[in-house]
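*Asks:* Quick one: the structure is below, questions incoming.
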Amino acid sequence: MASIVRCRLESEPDVPGGQILAELLESIGRLPGEELRIRKMTCDAIVSAYLTQSAQPPSRHVATERKRIKKFSTMEALIDRIQSSKKILAIVGAGASTSAGLPDFRSQGGLYDQIKADYGEQFDDPRLLFDAAQFKLDPGPFFRVAHRLLQPPGNKPPGPTPCHRFLARMEEMDKLLRCYTQNVDGLEVKAGMTRVVHCHGTLSTSTCTSCSSTFPTQVQGPDTIPKCPTNDGGILKPDIVFFGQDLPMDYKKNVERDVRDADLVMIFGSSLKVYPVASLVTRFPPRVPIVLINREVVGRPNEFDIEMLGDCDTIVQELERLLDWDDDDDDEEEVDQRPKTRAIEAIQYDYLPPNRYLFPNVSIDPEERRRRLAEGSPGPESNKRSRGTHSETPSNGD
Ligand SMILES: [Zn+2]
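Using the working numbering, read the sequence shown as starting at 69 and increasing by one per residue.
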């Protein structure tokens, strides 16, 4: 059996090769300085690659921090841009799917915490469950967790959220260049979208580990390891990208051109911690606005032009209202859990100049929120100056 070692890989960006090591770690979903448990052979290979590269001058570009566009900082500017835009690039993370009942991986009580609770001793690093070598060794634990994602407690398969429907609406209106999702739940496709790149693959289909045939993933029992119907002994492994595996073809095929063509970038519910989207945000031309919609500020040291902090569903609801996209979609099978009046109701939020909007459920400590509001505005009276509706935005019929 391969021996497992614990190690901590530090990278020094100023040393030749240091940036390459940082990118290497990022490419396997790890951050420099994190403690890893990896096979001794892998560890040796990384160290040897690092030493080889260190001897050469750096050959790759070094990403620089993104600075915000000062003229693009308000919701009015965003609404104008969405209205005129034809090439919006969306980056989607777990926050877009949490209201569908799917656990976020990294947040407190999220999937990684659940794995730790269930398999503490076996997987003190829960990411090992998504490691290609570990899967080969024992696929059982992976399938138990996959079952939880495909069929969460409550036994109802998850459906698209208001955030997915907002994205589908953008595609329908021919405003969406592409949606780069980090989620493997397939909810973008369920919402009717086609312009989707699954950066981490998808749970919707599975491929046989023996004959490489692909099948729609079947929901089976938590203790069932799905086998190839041809009886070739292969396991039907869901088509998600495991640590140590290559990025999907459609990512590689589209990303260069999309980064060049996008006229607006919108990030929905992503921690921006995982490769490849962690580095994607630094690759757009500096004139292209990037808007963050998330429960907390992420992606530092990069700056985003507008930061709308709160639940994705709530924020897109407000955007739809300001865009005057009437809610004429009648949901046939997808039952919307939100009250029917959602398109009319304005959401209460605080504007924290120059570019931050705090919606309900923002992940900021109340004390800090008070302090930041006090710092960000000239006096206590102005705290509420942008609460609720923006009267300067044309509103139609209400
Ligand atoms: Zn097969």
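Ideal Cβ positions, reconstructed from N, Cα and C, are used throughout, including at glycine.
Taking Cβ to Cβ, would you say C380 is nearer than 7 Å to G337?
*Replies:* A contact, by the Cβ cut-off of 7 Å.
*Asks:* Helix, strand or coil for D181 per DSSP?
*Replies:* D181: helix per DSSP, three-state reduction.
*Asks:* Quick one: Cα of G208 to Cα of K305, how far?
*Replies:* About 11 Å.
*Asks:* Kindly indicate which three-state DSSP category K295 falls into: helix, strand or coil?
*Replies:* Looking at K295 - three-state DSSP - the assignment turns out to be strand.
*Asks:* As an exercise, report each continuous beta strand (DSSP E) stretch of at least 3 residues that is fully enclosed by the stretch 236-279, in chain order.
*Replies:* List check, beta strand (DSSP E) in window: 244-249, 264-266 and 269-276.
*Asks:* Anything with a beta carbon under 6 Å from a heavy atom of ligand 1 counts; list them all in chain order.
*Replies:* Counting every residue whose Cβ lies closer than 6 Å to a heavy atom of ligand 1, we get C276, S278, C279, S281, C296, T298, D300 and G302.
*Asks:* What residues in its chain sit with their C-beta under 7 Å from that of R351, if we drop five residues either side in the sequence?
*Replies:* These residues qualify, in order along the chain: V327.
*Asks:* Excluding the 5 residues preceding and the 5 following C279 in the sequence, name in chain order all residues of the same chain whose CB lies nearer than 8 Å to its CB.
*Replies:* Once the five neighbours on either side are set aside, the close Cβ partners of C279 are C296, T298, D300 and G302.
*Asks:* Check the C-beta distance from E375 over to R424 and give it rounded, since I have them as a contact under 8 Å.
*Replies:* Between R424 and E375 the Cβ distance is about 5 Å, and since that is below 8 Å, they are a contact.
*Asks:* Would you check if the stretch 284-296 and the stretch 226-245 touch, i.e. whether three or more CB-CB distances between them fall below 8 Å?
*Replies:* Short answer: they don't touch.
*Asks:* Whose C-beta lies closer than 6 Å to the C-beta of V366 among residues of the same chain, with five residues either side of it excluded?
*Replies:* If we look at V366 and ignore the five residues flanking it on each side, its Cβ neighbours are S339 and L340.
*Asks:* Using a 10 Å radius around the Cβ and a threshold of 16 neighbouring Cβ atoms, would you call E256 buried or exposed?
*Replies:* Result: buried.
*Asks:* Taking Cβ positions, are F210 and L197 nearer each other than 7 Å?
*Replies:* Yes, Cβ-Cβ distance for F210 and L197 is below 7 Å.
*Asks:* Taking contact to mean 3 or more Cβ pairs, one atom from each stretch, closer than 8 Å, check whether the stretch 223-238 and the stretch 166-180 are in contact.
*Replies:* With a cut-off of 8 Å, the stretch 166-180 and the stretch 223-238 count as touching, because enough Cβ pairs lie within range.
*Asks:* Kindly indicate which residue of S274, N251 and T277 has the alpha-carbon position closest to the one of V265.
*Replies:* For V265, the nearest C-alpha among the options comes from N251.
*Asks:* Helix, strand or coil for A414? Go by DSSP, reduced to three states.
*Replies:* Of the three classes helix, strand and coil, the one that applies to A414 here is coil, per DSSP.
*Asks:* By a C-beta neighbour count over all protein chains shown, 10 Å radius and 16 as the cutoff for buried, is R325 buried or exposed?
*Replies:* Under this definition R325 is an exposed residue.
*Asks:* Taking the continuous alpha helix (DSSP H) assigned at V384, which residues delimit it?
*Replies:* Per DSSP, V384 belongs to the alpha helix (DSSP H) from C380 to L391.
*Asks:* So P228 packs on A259, CB below 8 Å; how close in whole Å?
*Replies:* Correct: roughly 4 Å between the Cβ atoms.
*Asks:* Just to confirm the assignment, what range does the alpha helix (DSSP H) spanning A158 have?
*Replies:* Where A158 is concerned, there is no enclosing alpha helix (DSSP H), although the beta strand (DSSP E) it sits in stretches over I156 to V160.
*Asks:* Using CA atoms only, rank isn't needed, just tell me which of K135, R134, K155 and I137 is closest to L332.
*Replies:* With distances taken between Cα atoms, L332 lies closest to K155.
*Asks:* Considering only residues of the same chain and omitting the five flanking positions on each side of Q313, which have a CB-CB separation below 6 Å?
*Replies:* Around Q313: A200.
*Asks:* Please list the terminal residues of the continuous alpha helix (DSSP H) segment that includes E144.
*Replies:* Segment M143 to S152, the alpha helix (DSSP H) holding E144.
*Asks:* What is the C-beta distance between V213 and I183, in whole angstroms, given that I count them as a contact (C-beta under 8 Å)?
*Replies:* Yes, V213 and I183 are in contact; Cβ-Cβ is about 6 Å, under 8 Å.
*Asks:* Reducing DSSP to helix, strand and coil, say where F210 ends up.
*Replies:* Residue state, collapsed to three classes: helix.
*Asks:* Out of E388, A442 and L420, which one is the CA nearest neighbour of L235?
*Replies:* The shortest C-alpha separation from L235 is found at E388.
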